[in-house]
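Asks: Same order as they appear, the protein sequences are chains E and H.
Under the working numbering, think of the first position of the first sequence as 55, with each following residue one higher.
Under the working numbering, think of the first position of the second sequence as 219, with each following residue one higher.
From the three backbone atoms N, C-alpha and C, an ideal C-beta is built for every residue, glycine too.
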Amino acid sequence: MPKTLISLEHISKSFGSQLVLDDLSLSIYENSFVTLLGPSGCGKTTTLRIIGGFETPDNGRVIFDGEDITRLAPNKRQLNTVFQKYALFTNMNIAENIAFGLKIKNKPESYIKDKISYALKLVNLEGYETRMPDSLSGGQQQRIAIARAIVNEPKVLLLDEPLGALDLKLRQDMQYELKRLKEELGITFIYVTHDQEEALTMSDHIVVMNQGYIQQEGTPEQIYNEPENAFVADFIGDSNIIRSTMIRDELVEILGTRFACVDKGFGENKPVDVVIRPEDVELLPPGEGSMDGVVTGLTFKGVHYEMDVEAGGFEWLVHSTRLSEVGKKVSIKVDPFNLQIMNVPESEDEEAISETV
Amino acid sequence: MKKILERIYLGIILLFMYAPIVTLIVLSFNLSKSRARWGGFTLNWYIRLFSDRAVASALMNTLSIAVLATIFSTIIGTITCIAMIGLSPRLRSVITGVTNIPMINADIVTGISLMLLFRFLHIGSGFMTILLAHITFDIPFVMLSVMPRIKNMNFYVYEAALDLGATPFYAFRKTILPDLMPGVISGALMAFTMSLDDFIITYFTKGSGFETLSTLIYNEVKRGIQPEIYALSAIIFVVVLTLLLINSGASDNIIKEKK
């Protein structure tokens with residue numbers, strides 16, 4: 055069992071009358087890459103700012119390495135932040151930017167110099183010492199911001215949507231670079247993003263948040279393949295979410311047709327939500343699958359085709375590398391293990407969450 | 219053809235704007251006391267001006283008031299702007315509106331109301347009342363040039379400094395202050411200029427027996443204008459013009475830096 059480095063205990067936070075975090079508890083393990091994922095306004099940035107010390111929670115405690123740091127000032131915390139808009143000191147050159155934290159800690163000149171060249175090497179920007187931040191591109195500025203944070207040897211690096219302002223290609227490169235950095239430094243990364251692909255690519259552990267609540271925690275595979283509720287399923291990639299009835303263990307009735315599945319323990323004749331990923335829907339000639347329908351829409355997406363299929367009164371989203379023309383009669387087939395069964399929301403909180411989906 | 223017309227038009231406008239000042243400056247070097255006839259070049263009026271004790275003391279008064287008013291109004295105005303960072307945009311615009319009133323208000327109304335207030339509070343007139351009045355009307359000018367920098371500021375930079383271990387004061391000094399500085403300097407120059415060439419408010423708040431350059435000139439003119447006054451006015455004009463040029467030069471540099 056890895057060691058817990060940070061635990062958030064029953065954190066609540068409001069801004070004015072708006073409740074941003076409600077009784078949130080979360081454990082972050084040492085040397086892990088944890089991503090807080092959710093739409094804007096879900097409380098992910100506030101959570102990060104509470105860990106960084108820029109916000110104080112109304113209730114609850116922040117425990118860092120066994121110590122209560124809830125009310126400790128940000129400059130006294132053993133962690134560093136990479137901000138969304140880089141936040142480099144524009145009146146200082148790159149070397150001075152990187153040296154900022156070390157000078158405050160009164161490190162010797164030679165140590166600072168070594169650290170600067172080590173950090174610049176780590177982020178692939180050797181020789182940039184005397185450049186000014188304004189003369190660097192967005193991606194370079196972000197890498198300097200990372201270098202400036204890591205020279206202080208924090209136990210935890212907090213990253214607040216650091217790739218948000220970069221273009222797609224650069225973002226993908228930086229994702230790999232961040233992963234490599236994480237491996238090399240061997241420290242904990244807490245990463246905030248609203249980009250599910252980014253989260254799936256980089257993280258060891260994903261925390262999906264919405265409206266101040268944690269919706270689900272788990273590995274990227276767990277989050278993608280076994281979403282616990284309709285919000286998670288919908289937020290992590292495209293999906294078909296259909297209100298259905300669990301007939302008995304391993305049998306579910308979807309839109310009037312019975313499908314075999316692998317889930318148990320939901321009871322008999324209970325309403326459930328079924329999640330089916332668009333790439334898990336197979337299109338067969340009419341009569342050969344479980345449910346017949348007709349193709350109503352077609353979009354070319356590059357790696358695959360995206361098709362809308364009208365079947366059983368529901369518009370199914372289907373991804374396939376094989377083309378089916380609009381108007382073609384097809385039959386839908388889904389393998390039992392690709393049906394993800396979820397409980398229908400019962401409590402008010404869960405209801406509030408599903409309303410926004 | 220169009221270009222020539224444009225040039226002529228510009229020339230006429232400049233002529234209208236600067237003809238009076240040029241006349242004044244030319245006359246300040248005129249040997250003849252007559253305003254209609256050129257009697258040859260002289261520096262006499264300038265020499266007479268600098269040997270005049272009343273002028274020297276008025277100059278001292280003007281400068282010390284301008285310097286002190288600039289220092290106080292710059293500090294108060296800048297601090298006010300910084301304090302407004304934490305306010306909601308709504309409240310911020312209300313306060314900006316209120317602080318702008320002395321700037322829009324007719325000088326004579328500001329002058330009379332300040333005079334009445336000082337009387338009411340039994341604050342002795344003279345140096346102190348003028349200084350207080352100048353600080354009052356300088357503050358909006360300082361805020362006017364500092365506020366835009368506050369609005370465009372990236373506060374993550376301040377948080378980044380805290381994050382790297384800086385105390386709040388050190389972080390402020392290293393991040394927010396350098397960002398504000400161009401606005402502060404331009405505000406201070408503006409305040410100094412305003413203070414230097416103010417007449418109406420000074421006139422109403424000075425009481426008797428205390429003169430600044432502008433009130434001195436006014437008194438002299440009542441007695442019949444002397445060429446020394448041309449010389450004095452010419453100097454004031456040149457000083458104010460220089461300050462304005464420095465100020466706009468400074469803001470041009472800032473724009474270039476940004477690019």
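If you check the beta carbons only, do H:I418 and H:I283 fall under 8 Å apart?
Replies: Within the second sequence, the letter at position 200 stands for residue 418 of chain H. Within the second sequence, the letter at position 65 stands for residue 283 of chain H. No, they are not a contact pair.
Asks: Run through chain E and tell me which residues come within less than 7 Å of H:T385, C-beta to C-beta.
Replies: For the purposes of this step, residue 385 of chain H is taken as the residue at position 167 of the second sequence. Simply N129.
Asks: Going straight from the alpha carbon of H:D356 to that of H:I222, what length do you get?
Replies: Position 138 of the second sequence, counting from 1, holds the residue named residue 356 of chain H. Position 4 of the second sequence, counting from 1, holds the residue named residue 222 of chain H. So the two alpha carbons sit approximately 42 Å from each other.
Asks: Output needed in chain order: residues of the stretch 284-318 of chain H with a Cβ under 8 Å from some Cβ in chain E.
Replies: Residues passing the 8 Å Cβ filter: none.
Asks: May I have the straight-line CA-CA distance separating E:T100 from E:L78, to the nearest angstrom?
Replies: As a working note, residue 100 of chain E is residue 46 in the first sequence. As a working note, residue 78 of chain E is residue 24 in the first sequence. C-alpha separation (whole angstroms): 11 Å.
Asks: Quick one, which of E:Y172, E:Y267 and E:L190 has its alpha-carbon nearest E:T144's?
Replies: Residue 144 of chain E sits at position 90 when you count from the first residue of the first sequence. Out of E:Y172, E:Y267 and E:L190, E:L190 has the C-alpha closest to the C-alpha of E:T144.
Asks: Span of the alpha helix (DSSP H) holding H:E479?
Replies: The shown model of chain H, from 219 to 477, leaves out residue 479 of chain H, and the question about it has no answer.
Asks: According to DSSP, which residues form a beta bridge with E:V88?
Replies: By 1-based counting over the first sequence, the position of residue 88 of chain E is 34. Bridge partners of E:V88: E:I244 and E:H259.
Asks: Spell out the partners DSSP gives E:W370 in its beta bridges.
Replies: Locating residue 370 of chain E in the first sequence gives position 316, where the first residue counts as 1. E:W370 pairs with E:V363.
Asks: Please return the same chain residues whose Cβ sits closer than 6 Å to the Cβ of E:I60, not counting the five positions on each side in sequence.
Replies: Position 6 of the first sequence holds residue 60 of chain E. Cβ within range, chain order: I82 and F118.
Asks: Just verifying my parser: in three-state terms, what is the DSSP assignment at H:M235?
Replies: Position 17 of the second sequence holds residue 235 of chain H. Here H:M235 sits in helix by DSSP.
Asks: So with Cβ pairs under 8 Å, would you call H:L398 a contact of chain E?
Replies: Within the second sequence, the letter at position 180 stands for residue 398 of chain H. False, the Cβ-Cβ gap to chain E never drops below 8 Å.
Asks: If you measure beta-carbon to beta-carbon, which residues of the stretch 353-384 of chain H are closer than 8 Å to chain E?
Replies: Here the close residues are N372, Y374, V375, E377, A378, A379, L380, D381, L382, G383 and A384.
Asks: To the nearest angstrom, how far is it from the Cα of E:Y359 to the Cα of E:L352?
Replies: Within the first sequence, numbered from 1, the residue matching residue 359 of chain E stands at position 305. Within the first sequence, numbered from 1, the residue matching residue 352 of chain E stands at position 298. The straight-line gap from Cα to Cα measures roughly 7 Å.
Asks: Can you give me, in chain order, the residues of the stretch 141-159 of chain E that have a beta carbon less than 7 Å from any beta carbon in chain H?
Replies: Those residues of the stretch 141-159 of chain E that come within reach of chain H (Cβ to Cβ, closer than 7 Å) are A141, F143, N145, F154, G155, I158 and K159.
Asks: For E:T135, would you say it is in contact with chain H, using Cβ-to-Cβ distances shorter than 8 Å as the test?
Replies: Here residue 135 of chain E is taken as the residue at index 81 of the first sequence, counted from 1. Yes, because at least one Cβ of chain H sits closer than 8 Å to the Cβ of E:T135.
Asks: Since E:S113 is in the beta strand (DSSP E), which residue starts that stretch and which ends it?
Replies: Taking the first sequence and counting its residues from 1, one reaches residue 113 of chain E at position 59. The sequence as given places Asn at residue 113 of chain E; Ser does not occur at that position. Looking at the DSSP string, the run of the beta strand (DSSP E) that includes E:N113 is N113 to F118.
Asks: How about E:V372 and E:P332: do their beta carbons lie closer than 8 Å?
Replies: Start at 1 with the first residue of the first sequence, and residue 372 of chain E comes out as number 318. Start at 1 with the first residue of the first sequence, and residue 332 of chain E comes out as number 278. Yes, Cβ-Cβ distance for E:V372 and E:P332 is below 8 Å.
Asks: When the Cα atoms are used, what is the spatial distance from H:L249 to H:T433?
Replies: In the second sequence, the residue the question calls residue 249 of chain H occupies position 31. In the second sequence, the residue the question calls residue 433 of chain H occupies position 215. Between H:L249 and H:T433, the C-alpha separation is close to 26 Å.
Asks: Hey, out of E:R115, E:K139, E:L142 and E:T110, whose CA is closest to E:P128's CA?
Replies: Locating residue 128 of chain E in the first sequence gives position 74, counting from the first residue. Ranking the options by Cα distance to E:P128, first place goes to E:T110.
Asks: Closer than 8 Å by beta-carbon distance: list the chain H residues that pair up with E:K139, in chain order.
Replies: Taking the first sequence and counting its residues from 1, one reaches residue 139 of chain E at position 85. What E:K139 touches in chain H: N372 and Y374.
Asks: Return the chain-ordered ranges of every alpha helix (DSSP H) run that is complete within the stretch 331-396 of chain H and spans a minimum of 4 residues.
Replies: You should have 345-369, 374-381 and 386-389.
Asks: Identify which residue in E:A149, E:D317 and E:Q394 has its Cα closest to the Cα of E:N294.
Replies: Stepping through the first sequence from its first residue, residue 294 of chain E is reached at position 240. Taking only the C-alpha atoms, the option nearest E:N294 is E:Q394.
Asks: Report the three-state DSSP secondary structure of E:I123 (helix, strand or coil).
Replies: Translated into the one-based positions of the first sequence, residue 123 of chain E becomes position 69. In this structure, E:I123 counts as coil in the three-state DSSP scheme.
Asks: Helix, strand or coil: how does DSSP classify E:F143 here?
Replies: Reading the first sequence from its first residue, position 89 is the one you call residue 143 of chain E. It is coil, neither helix nor strand.
Asks: Counting only C-beta atoms, is E:F108 closer than 8 Å to chain H at any point?
Replies: Indexing the first sequence from 1 puts residue 108 of chain E at position 54. Interface residue, yes.
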